[in-house]
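Chains as they are written, first to last, in our numbering: chain A, 365 to 620; chain B, 655 to 667. All C-beta atoms in this analysis are idealised placements derived from N, C-alpha and C, irrespective of residue type, glycine included. In what follows, a single structure is set out as structure tokens and then discussed.
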Amino acid sequence: MLEGKFEEASLLKKIVEAMKDCVSSCNFNCTENGISVQAVDNSRVLLISLLIEKDTFEEYRCDRNITLGVGLGSLSKIIGNGANSDYLTISADDDADKLNIIFEDKVKDKISEYNLKLLDIDADLLDVGPMDTDATITLPSADFAKICKDMKVLSESLQIIVTKDSALFQSVGDIGTGNIVIRPKTDIDHPEESVTISLDKPIDLSFGSKYLSDIIKATSLSQKVTIKLTDQSPGVFEYKLPSGYLRFYLAPKFDE
Amino acid sequence: MAQPTISNFFKRK
Numbered sequence: 365m366l367e368g369k370f371e372e373a374s375l376l377k378k379i380v381e382a383m384k385d386c387v388s389s390c391n392f393n394c395t396e397n398g399i400s401v402q403a404v405d406n407s408r409v410l411l412i413s414l415l416i417e418k419d420t421f422e423e424y425r426c427d428r429n430i431t432l433g434v435g436l437g438s439l440s441k442i443i444g445n446g447a448n449s450d451y452l453t454i455s456a457d458d459d460a461d462k463l464n465i466i467f468e469d470k471v472k473d474k475i476s477e478y479n480l481k482l483l484d485i486d487a488d489l490l491d492v493g494p495m496d497t498d499a500t501i502t503l504p505s506a507d508f509a510k511i512c513k514d515m516k517v518l519s520e521s522l523q524i525i526v527t528k529d530s531a532l533f534q535s536v537g538d539i540g541t542g543n544i545v546i547r548p549k550t551d552i553d554h555p556e557e558s559v560t561i562s563l564d565k566p567i568d569l570s571f572g573s574k575y576l577s578d579i580i581k582a583t584s585l586s587q588k589v590t591i592k593l594t595d596q597s598p599g600v601f602e603y604k605l606p607s608g609y610l611r612f613y614l615a616p617k618f619d620e
Numbered sequence: 655m656a657q658p659t660i661s662n663f664f665k666r667k
């Protein structure tokens, strides 16, 4: 039996919204420690890794490991019916063919209950970690989203060049070029506005703008995003949850 | 530019 109660429905809403446009369905692997998902987008360029640790939940129990195959579009529709501030409880029996979803309004005496039909999903798991990292950038997630949107008007690719004291985001396209430089900054009054760059080795990598557009749909999950870059390796874009994370591993592009 | 897939970097478990 799995039972997990979120303090606010908004958290699961944000997680599903961040994933559903690149992955149509995925397995939720539930253990006593929490819920994890690994899924690859249809073009197999972007890998999503989600961990919702037990401590994220107001209440959590999982007596036996179970795998729940979930259509994210369908889950999104059902979750959309609840208010952001509702308690949201998901539950499933050990051999369940459906996921039970309950919203509880915190003010009104109102409980809404839904069942989502589960899917049988046959998916390979990839071994992603741990990876070496040459450069790590942490910046406000909204700033990163704006950079990706702004650069996308120019080109299908975004080049990220990291040196000791700066990160350069550059796009070169038919209509022209653009570049945005960010430097480390410590903001004591507003720590969420700080930018950090740590570097073992300079980095010059290019990523598909289309996939970055999918990644930044996670912006509302966390005020900060951490980008880990390694030469000739997938970039890791991490949004922290209250306890856990949503990570995107994006394969870089190369000159032909 | 060429776009490799993620399977080019990670092995199956």
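Looking at the C-beta of residue i, does it have a partner C-beta in chain B at a distance below 8 Å?
i, result
"residue 599 of chain A", "no"
"residue 422 of chain A", "no"
"residue 408 of chain A", "yes"
"residue 609 of chain A", "no"
"residue 458 of chain A", "no"
"residue 619 of chain A", "yes"
"residue 451 of chain A", "no"
"residue 613 of chain A", "yes"
"residue 621 of chain A", "The first residue shown for chain A is 365 and the last is 620, placing residue 621 of chain A beyond what the model contains."
"residue 492 of chain A", "yes"
"residue 518 of chain A", "no"
"residue 401 of chain A", "no"
Could you check if residue i is buried or exposed, using at least 16 other CB atoms within 10 Å of its CB as the buried criterion?
i, result
"residue 446 of chain A", "buried"
"residue 481 of chain A", "exposed"
"residue 571 of chain A", "buried"
"residue 607 of chain A", "exposed"
"residue 494 of chain A", "exposed"
"residue 540 of chain A", "exposed"
"residue 316 of chain A", "Since the first residue shown for chain A is 365 and the last is 620, residue 316 of chain A is missing from the structure and cannot be characterised."
"residue 515 of chain A", "buried"
"residue 489 of chain A", "exposed"
"residue 396 of chain A", "exposed"
"residue 462 of chain A", "exposed"
"residue 449 of chain A", "exposed"
"residue 666 of chain B", "exposed"
"residue 555 of chain A", "exposed"
"residue 517 of chain A", "exposed"
"residue 458 of chain A", "exposed"
Roughly how many whole angstroms lie between the Cα atoms of residue i and residue j?
i, j, result
"residue 661 of chain B", "residue 473 of chain A", "50 Å"
"residue 523 of chain A", "residue 454 of chain A", "41 Å"
"residue 311 of chain A", "residue 574 of chain A", "Outside the displayed range of chain A (365 to 620) lies residue 311 of chain A, so it cannot be described from this structure."
"residue 373 of chain A", "residue 620 of chain A", "45 Å"
"residue 421 of chain A", "residue 537 of chain A", "45 Å"
"residue 507 of chain A", "residue 557 of chain A", "9 Å"
"residue 529 of chain A", "residue 433 of chain A", "44 Å"
"residue 497 of chain A", "residue 604 of chain A", "18 Å"
"residue 409 of chain A", "residue 471 of chain A", "44 Å"
"residue 578 of chain A", "residue 543 of chain A", "21 Å"
"residue 390 of chain A", "residue 613 of chain A", "16 Å"
"residue 375 of chain A", "residue 585 of chain A", "7 Å"
"residue 526 of chain A", "residue 365 of chain A", "47 Å"
"residue 567 of chain A", "residue 499 of chain A", "7 Å"
"residue 430 of chain A", "residue 380 of chain A", "19 Å"
"residue 532 of chain A", "residue 548 of chain A", "12 Å"
"residue 460 of chain A", "residue 479 of chain A", "11 Å"
"residue 416 of chain A", "residue 582 of chain A", "14 Å"
"residue 487 of chain A", "residue 552 of chain A", "45 Å"
"residue 656 of chain B", "residue 559 of chain A", "31 Å"
"residue 580 of chain A", "residue 587 of chain A", "12 Å"
Report the neighbours of residue i on chain B: residues whose CB is nearer than 8 Å to its CB, in chain order.
i, result
"residue 387 of chain A", "In chain order: nothing, as chain B lies at least about 12 Å away."
"residue 411 of chain A", "660, 664"
"residue 489 of chain A", "666, 667"
"residue 380 of chain A", "Within 8 Å Cβ-Cβ: nothing; residue 380 of chain A doesn't reach chain B, min ~21 Å."
Using the beta-carbon of each residue, which ones in chain B are nearer than 7 Å to residue i?
i, result
"residue 572 of chain A", "657"
"residue 589 of chain A", "Per Cβ cutoff of 7 Å: no residues; residue 589 of chain A is ~19 Å from chain B at best."
"residue 404 of chain A", "660"
Can you pull the chain B neighbours of residue i, defined as C-beta to C-beta under 9 Å?
i, result
"residue 480 of chain A", "Per Cβ cutoff of 9 Å: no residues; residue 480 of chain A is ~27 Å from chain B at best."
Between the segment 587-595 of chain A and the segment 419-426 of chain A, do at least 3 Cβ pairs fall closer than 8 Å?
-> no
Could you say if the segment 426-440 of chain A and the segment 483-496 of chain A meet the contact criterion of at least three C-beta pairs nearer than 8 Å?
-> yes
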